[in-house]
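Protein chains in written order, with the numbering used here: chain A, 1 to 241; chain B, 1001 to 1405.
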Amino acid sequence: MQPPLIEVRDVWKIYRNCEVPVEAVRSVSLAISSGEFVAISGASGSGKSTFMHVVGCLDQPTRGSYTFEGREITRLDRKQLAALRNKRIGFVFQSFNLLGRTTLQDNVALPLAYQRVPLRARRRRAAEVLCELGLGDRLKYFPNQLSGGQQQRAAIARALVTRPALLLADEPTGNLDTERAAQIMSLFTELNEKDKITVIVVTHETDLAAYAGRHIVFSDGRIISDETRPDGGQSEGIRTR
Amino acid sequence: MSPLTVIYEAFISLSHNKVRTGLSVLGIVIGIASVIAMVAVGEGARQRVERQIESLGDDWLTIRFWGMQRGGVNRQQGVQPYLAESDADAIGSECPAVRAATPSNTMRVQVVSSFRNHQTSVQGVYPDYFDIRRWRTVEGRLFTDDDMIALRRVCCIGQSSAAELFGGVYPIGQTIRVNRITFEVVGLLETKGTGGEGRDFDDVILFPWRVFQRLVAGNEISQTMYAAAAHGAPLSIAREQIRALLRQRHRLTKEENDDFRVVDRSVAAQASAETTRTFNWLLMTIACISLVVGGVGIMNVTLVSVTERTREIGTRMAIGANGTHILGQFLTEAVVLCAVGGLFGFLGGVLVAQLVSWRLGWDVLISTWMALLAILFSTVVGLTFGFYPAWRASRLDPIEALRYE
């Protein structure tokens, strides 16, 4: 059997810069295989965001071990982490975080710029991804000329442009209405099914978690529930709710 | 990220806030403009002094009577200078390192032409004087030994005096009167320009020494002597020979100081060049201070920009930018800002320099290396003052940065 994409063993994250040390994540162990669609939910302050930062290689755990694609992450320095995020992980944020005054195409091409892909090649690749996500006619638009749903799709395009192993979305639908939120979640499902991309979505909305095949719930820094739907969460019934 | 992309991004982000960019760049523009204007004025002054040294010639000496001194007390106060014509002749014939020597006497008198009269310097010299001072005529001829021996009443006139006395009339063949004695103008001298002390070298009329002695001055005193070094002979050797000879001729004992001074004119000019240089450094320092003030402005605006764009920095870090990328991005912005300021500053400086040369009549010199200087200076300012904000941006924690509202 293939080793898991993500393997977290006894991970702790403790913030010591306050008067009382805050244990944001307490002894979490978890394995996520390649091709899974995982939703992580929990109340605010439950440690799900902190955990996501560790999984996304934005932060190092205080204690424990984390391997990503078989590589021990805790031994990497800032520069190596940045390179890893750039090549293997795609981020989607609640507030899209597209650069203003920069065209969608150049926004999407930005991760490739950090890999020193030549301008023409990275613009071509960005256009390709935007077309796949139905924004092919908006290449030269600026973010503020688009609806929220379109902006989030562009942000997803930016996350996908480097062909990452993992797509990590932090409250991706938080700024969208219900209909648009459903569209974005469907898009994740599609990417997961068709392109076999591993998707982790952090959300506090449990009904959106239903799109995922696996649902992990955090509380007080620990995993209190980890359910895999027998049908992989991809039955018609669940998707249409 | 390729450097071109980084520069392109810098331009994009600077165009975001045009007013702020413009205002923050103003300090650099003013700083660079003042540096360039100062350099242009300084260069102009330096060139003028150099030209002056050249025109003064670097192979001749002035010998002046200085008075007898012993123990710091001038013992011959009120006594007329007594360097005699024979001194000059002796220097000319007995010093091997001296090519030619002439006595000289200068007075200010009222000179009358058939058109008007004019107060000017009249000077009696040997014809050798023209060789010593490298003075030529533009019209007519120089007076000669023949003129002097035959006591012909002739003179050569400087450009300024000619203009004062004759206006536009061709001066050769005209007559002037000094002490009611009529002289014929035989030569119009080429222009020598003005001296550092504002003296007009062209406001002079030269007469053959003996004619001058008898008909103008009425005495035999030589106030000053001029001597030129022989070809290839160092000026210092000529000076020593003259000194030894004059001490001997004036019968000075070992304890007595020289009663004359041998002055190397180029030394005087170099002293004036030194003064000019000091003055230029002072101006440059002030200009540099204004540049530093401009740099602080750049630092300020870059800090504001970093704070404003904290979330963008977080996003860039999340999608793969490392600290070096972020440092490069903000440093490039500061440098681009300064370089643009430097360019406009250069243009501004050229404009100010032109204005100065036009309104004040100062010599200014503008050359291409000053444009490079402007770019270099502004880039250094950008690097210096952009570094701290850029470094702060690069040290941001990606999670904190993403959370920043």
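The C-beta atom is built at its ideal place from N, Cα and C for all residues, glycine as well.
- Considering only B:G1294, B:L1343, B:V1049 and B:C1155, the residue with the shortest C-alpha distance to B:W1369 is B:L1343.
- Neighbourhood of A:N17 in chain B, by CB distance below 7 Å: empty, with the nearest CB roughly 11 Å away.
- In this structure, the beta-carbon distance from A:G134 to A:L176 does not fall below 8 Å.
- In this structure, B:F1201 keeps its C-beta atom at 8 Å or more from the C-beta atom of B:C1155.
- B:S1305 has a beta carbon lying at 8 Å or more from every beta carbon in chain A.
- A:Q105 sits buried, since 16 or more C-beta atoms from the chains shown fall within 10 Å of its C-beta.
- For B:V1263, the secondary structure class from DSSP, reduced to helix, strand or coil, is strand.
- Residue contact with chain A for B:G1323: present (Cβ-Cβ distance below 8 Å to some residue of chain A).
- A distance below 8 Å separates the beta carbons of B:A1088 and B:A1101.
- For A:Y114, the chain B residues whose Cβ falls inside 9 Å of its Cβ are M1001, R1316, I1319, G1320, A1321, N1322 and H1325, in order along the chain.
- One alpha carbon belongs to A:A169, the other to A:R153, and they sit about 12 Å apart.
- Three or more beta-carbon pairs separated by less than 8 Å link the segment 1294–1310 of chain B to the segment 1379–1396 of chain B, which places the two stretches in contact.
- A:V92 and B:N1017 have their C-alpha atoms spaced approximately 28 Å apart.
- Interface with chain B (8 Å Cβ-Cβ cutoff): A:F218 is excluded.
- In this structure the segment 1031–1040 of chain B touches the segment 1330–1346 of chain B; the number of beta carbon pairs closer than 8 Å is three or more.
- Per DSSP, the unbroken beta strand (DSSP E) holding A:D170 starts and ends at L166 to D170.
- Considering only B:V1138, B:I1149, B:A1230 and B:H1231, the residue with the shortest C-alpha distance to B:V1185 is B:V1138.
- In the DSSP assignment, A:E132 falls outside any beta strand (DSSP E) and within the unbroken alpha helix (DSSP H) covering L119 to E132.
- A distance of 8 Å or more separates the beta carbons of B:S1305 and B:A1339.
- For B:L1402 and B:N1322, the gap between their C-alpha atoms comes out near 15 Å.
- What A:R101 touches in chain B, judged by beta-carbon distance under 8 Å, is I1012, S1013, S1015 and H1016, going in chain order.
- Here DSSP, grouped into helix, strand and coil, assigns A:G149 to helix.
- Neighbours of B:T1310 in chain A, taken as residues at a C-beta separation under 8 Å, are lacking, since the least C-beta distance is about 12 Å.
- Annotated as proximal: A:V38 and A:I200, with beta-carbon spacing under 8 Å.
- The residues I40, L168, D170, I200 and V202, in chain order, have a CB closer than 8 Å to that of A:M52 in the same chain once the five nearest residues on each side in sequence are set aside.
- B:V1029 and A:V28 have their alpha carbons spaced roughly 58 Å apart.
- Listed along the chain, the chain B residues whose CB falls inside 9 Å of the CB of A:K13 amount to none; the nearest CB is some 11 Å away.
- Of all residues in the segment 1374–1389 of chain B, none comes within less than 9 Å of chain A when Cβ atoms are compared.
- DSSP places A:T74 outside any alpha helix (DSSP H), giving it a letter other than H or E.
- Under the 8 Å criterion on CB atoms, A:L58 is classed as interfacial with respect to chain B.
- DSSP places A:Q183 in no beta strand (DSSP E) but in the uninterrupted alpha helix (DSSP H) bounded by T178 to K194.
- For a Cβ distance threshold of 8 Å, nothing in chain B lies close to A:P21: the least Cβ distance comes to about 18 Å.
- By alpha-carbon distance to B:Q1248, the top candidate from B:L1026, B:I1091, B:C1288 and B:E1085 is B:I1091.
- Look at B:A1229 here: in three-state DSSP terms it is strand.
- Interface with chain A (8 Å Cβ-Cβ cutoff): B:I1399 is included.
- By the rule that beta-carbons nearer than 8 Å mark a contact, B:T1005 touches chain A.
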